[in-house]
Amino acid sequence: MTLGLRGLSVHYGSTIAVSEVDLTVADGEVVALLGPSGCGKSTLLRAVAGLEQPASGAVCWDEQDLAAVAVHRRGFGLVFQDGQLFPHRDVAGNVAFGLRMAGIDRAARVERVTELLELVGLRGYGNRSVTSLSGGEAQRVALARALAPRPRLLLLDEPLSALDRVLREQLAIDLAEVLRATGSTALVVTHDHDEAFTLADRVAVMHRGRLEQIGRPDEVWRRPASPTVAAFLGCTTQLPGEVQDGIASCALGSVRLAEAAVPQDGSVLLGLRSTALTADPVGELAGTVIQRVHRRDHVRLLVEPRDPAISAAVRTAKGADAIVEAVAPVADAPAPGEPVRLSLAAEGIAIVRTH
Numbered sequence: 061m062t063l064g065l066r067g068l069s070v071h072y073g074s075t076i077a078v079s080e081v082d083l084t085v086a087d088g089e090v091v092a093l094l095g096p097s098g099c100g101k102s103t104l105l106r107a108v109a110g111l112e113q114p115a116s117g118a119v120c121w122d123e124q125d126l127a128a129v130a131v132h133r134r135g136f137g138l139v140f141q142d143g144q145l146f147p148h149r150d151v152a153g154n155v156a157f158g159l160r161m162a163g164i165d166r167a168a169r170v171e172r173v174t175e176l177l178e179l180v181g182l183r184g185y186g187n188r189s190v191t192s193l194s195g196g197e198a199q200r201v202a203l204a205r206a207l208a209p210r211p212r213l214l215l216l217d218e219p220l221s222a223l224d225r226v227l228r229e230q231l232a233i234d235l236a237e238v239l240r241a242t243g244s245t246a247l248v249v250t251h252d253h254d255e256a257f258t259l260a261d262r263v264a265v266m267h268r269g270r271l272e273q274i275g276r277p278d279e280v281w282r283r284p285a286s287p288t289v290a291a292f293l294g295c296t297t298q299l300p301g302e303v304q305d306g307i308a309s310c311a312l313g314s315v316r317l318a319e320a321a322v323p324q325d326g327s328v329l330l331g332l333r334s335t336a337l338t339a340d341p342v343g344e345l346a347g348t349v350i351q352r353v354h355r356r357d358h359v360r361l362l363v364e365p366r367d368p369a370i371s372a373a374v375r376t377a378k379g380a381d382a383i384v385e386a387v388a389p390v391a392d393a394p395a396p397g398e399p400v401r402l403s404l405a406a407e408g409i410a411i412v413r414t415h
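Counting in the numbering used here, the sequence shown runs without a single skipped number right up to 415 at its last residue.
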């Protein structure tokens with residue numbers, strides 16, 4: 061069973077929200093639609109659900125066009141950001157709702173609800189009021205409710221975005237395990253690349269209504285399809301460079317790339333994330349700390365290179381200032397105004413496609 065989007069476009073008057081998207085989601089595959097606010101990812105998901113009317117193109121299931129199939133007859137399960145639980149029903153009543161609508165007998169409903177509450181880590185919660193649940197518990201109930209009728213496709217629209225960071229990170233791991241355990245086919249919308257990479261077999265990056273790149277999480281992270289994708293994935297500095305025998309060189313120094321990231325020798329565009337430069341007493345790049353910010357397990361530095369030629373190269377590449385980002389250990393981070401030496405670190409560098 062396969063979901064297929066064929067040249068799908070959605071318009072709001074003269075505004076193009078989704079533009080000619082082609083995408084296939086295979087049976088048992090989890091695909092994340094990733095992008096910033098306003099990129100069209102939620103609109104695309106709503107079009108798949110049947111909640112938005114396409115301007116052109118088609119939403120197909122096993123090659124069947126679903127244009128004439130009503131939302132409730134598509135056999136898709138939906139989970140939204142706020143869960144949208146029924147406040148007048150207890151946890152078990154919420155989970156069993158779709159089963160009741162499908163005419164499943166009571167004994168089978170009880171068995172399925174018990175199975176799902178166990179699966180989502182809420183064993184024994186059946187009689188609880190949903191108004192007594194935490195945000196994370198409520199989202200688990202919403203997931204169990206969506207899974208209960210065994211949907212052909214699970215659609216999740218920013219399911220974790222309303223939760224705090226620590227809970228969001230744990231629930232992303234738990235959700236990934238549930239999706240794998242149930243063999244679910246799923247389309248997940250998120251603006252958080254950590255969440256997308258945790259959940260998905262493939263990640264589809266969207267920008268201004270278009271699908272910019274789709275691939276495995278490691279492929280998208282290491283080889284962004286464009287400078288726009290690279291910037292969204294944290295490559296705040298993008299510099300022209302050269303690769304020779306696995307060693308990448310640019311104005312900020314040189315480093316041996318991880319084997320999986322090595323392209324053919326020649327000119328490249330290097331995308332540098334904040335972790336691409338690290339404080340190092342013997343580093344090639346000398347600079348002055350402009351700003352220092354604690355980030356849990358490390359310190360983020362903003363550094364101005366001392367060499368005018370390097371500053372000019374960075375300024376030209378960024379089209380703005382010559383400041384670069386770097387990281388340092390919490391226990392030994394230089395203060396603003398102090399000198400620092402930096403080295404390039406391969407794990408923070410992406411090779412950006414430019415054509």
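The C-beta atom is built at its ideal place from N, Cα and C for all residues, glycine as well.
(request) Please report how far the alpha carbon of R316 lies from the alpha carbon of P96, in whole angstroms. (result) Here residue 316 refers to the residue found at position 256 when the sequence shown is read from its first residue. Here residue 96 refers to the residue found at position 36 when the sequence shown is read from its first residue. Using only the alpha carbons, I get a separation of about 32 Å.
(message) Taking 6 Å as the limit between beta carbons, can you name the residues of its chain near A77, skipping five residues before and five after?
(response) The count along the sequence shown starts at 1 and reaches residue 77 at position 17. Answer for A77: V70, G100, T103, G269, listed in chain order.
(request) Could you give the DSSP three-state label for P277: helix, strand or coil? (result) As a working mapping, residue 277 is identified with position 217 in the sequence shown. In the three-state DSSP reduction, P277 falls in the helix class (H, G or I).
(request) Indicate whether V359 and G347 have their beta-carbon atoms separated by less than 8 Å. (result) For the purposes of this step, residue 359 is taken as the residue at position 299 of the sequence shown. For the purposes of this step, residue 347 is taken as the residue at position 287 of the sequence shown. For V359 and G347, no; Cβs fall outside 8 Å.
(request) Could you tell me the distance, in whole angstroms, from the CA atom of P399 to the CA atom of A336? (result) Within the sequence shown, numbered from 1, the residue matching residue 399 stands at position 339. Within the sequence shown, numbered from 1, the residue matching residue 336 stands at position 276. The alpha-carbon of P399 is positioned some 18 Å away from that of A336.
(message) Would L94 and A256 qualify as a contact pair, given that the criterion is a beta-carbon distance under 8 Å?
(response) The residue given as residue 94 occupies position 34 in the sequence shown. The residue given as residue 256 occupies position 196 in the sequence shown. In this structure, A256 lies closer than 8 Å to L94 by Cβ.
(request) Give every residue of the same chain whose Cβ lies closer than 7 Å to the Cβ of D122, excluding the five residues on either side of it in the sequence, and list them in chain order. (result) As a first step, residue 122 is located in the sequence shown; it is residue number 62 there, counting from the start. M61, T62.
(request) Below 6 Å CB to CB, which residues in the same chain sit around A386 once its five sequence neighbours on both sides are set aside? (result) Locating residue 386 in the sequence shown gives position 326, where the first residue counts as 1. Counting only Cβ-Cβ distances below 6 Å, and skipping sequence neighbours, we find L337, L361, V363, L402.
(request) Could you tell me which residues DSSP pairs with C310 in its beta bridges? (result) Taking the sequence shown and counting its residues from 1, one reaches residue 310 at position 250. BP columns for C310 point to G313.
(message) Which same chain residues end up closer than 7 Å to T242 when comparing Cβ atoms and leaving out the 5 residues on each side of it in sequence?
(response) Taking the sequence shown and counting its residues from 1, one reaches residue 242 at position 182. These residues qualify, in order along the chain: L207.
(request) Give the range of the alpha helix (DSSP H) segment to which M161 is assigned. (result) Stepping through the sequence shown from its first residue, residue 161 is reached at position 101. It spans 157-161 - the alpha helix (DSSP H) in which M161 sits, taken as one unbroken run.
(request) Output the distance between the C-alpha atoms of D261 and G397, rounded to the nearest integer angstrom. (result) In the sequence shown, residue 261 corresponds to position 201, counting from 1. In the sequence shown, residue 397 corresponds to position 337, counting from 1. Each residue's alpha carbon lies about 45 Å from the other.
(request) Rounded to whole angstroms, what's the CA-CA distance from R366 to T376? Just pull it up for me. (result) On the sequence shown, position 306 is the one that residue 366 refers to. On the sequence shown, position 316 is the one that residue 376 refers to. Those two C-alpha atoms are separated by around 16 Å.
(request) Can you tell me which of the three DSSP states E123 falls into? (result) On the sequence shown, residue 123 is found 63 positions in, with the first residue counted as 1. For E123, the three-state secondary structure derived from DSSP is coil.
(request) Note down, one range per segment and in chain order, each beta strand (DSSP E) of at least 3 residues found wholly within the region 244-298. (result) Whole beta strand (DSSP E) segments, 3+ residues: 246-250, 262-267, 270-275.
(message) Please return the same chain residues whose Cβ sits closer than 8 Å to the Cβ of S334, not counting the five positions on each side in sequence.
(response) Position 274 of the sequence shown, counting from 1, holds the residue named residue 334. Counting only Cβ-Cβ distances below 8 Å, and skipping sequence neighbours, we find G294, T296, R360, E385, A386, V387, G408.
(message) Check whether the region 207-224 and the region 129-138 are in contact - that is, three or more C-beta pairs closer than 8 Å.
(response) They touch, by the three-pair rule.
(request) Compute the Euclidean distance between the alpha carbons of L329 and Q124, then round it to the nearest angstrom. (result) Taking the sequence shown and counting its residues from 1, one reaches residue 329 at position 269. Taking the sequence shown and counting its residues from 1, one reaches residue 124 at position 64. Approximately 42 Å between the Cα atoms of the pair.
(message) With the cut-off set at 8 Å, would you say E80 and G117 are in Cβ contact?
(response) As a first step, residue 80 is located in the sequence shown; it is residue number 20 there, counting from the start. As a first step, residue 117 is located in the sequence shown; it is residue number 57 there, counting from the start. Yes, they are a contact pair.
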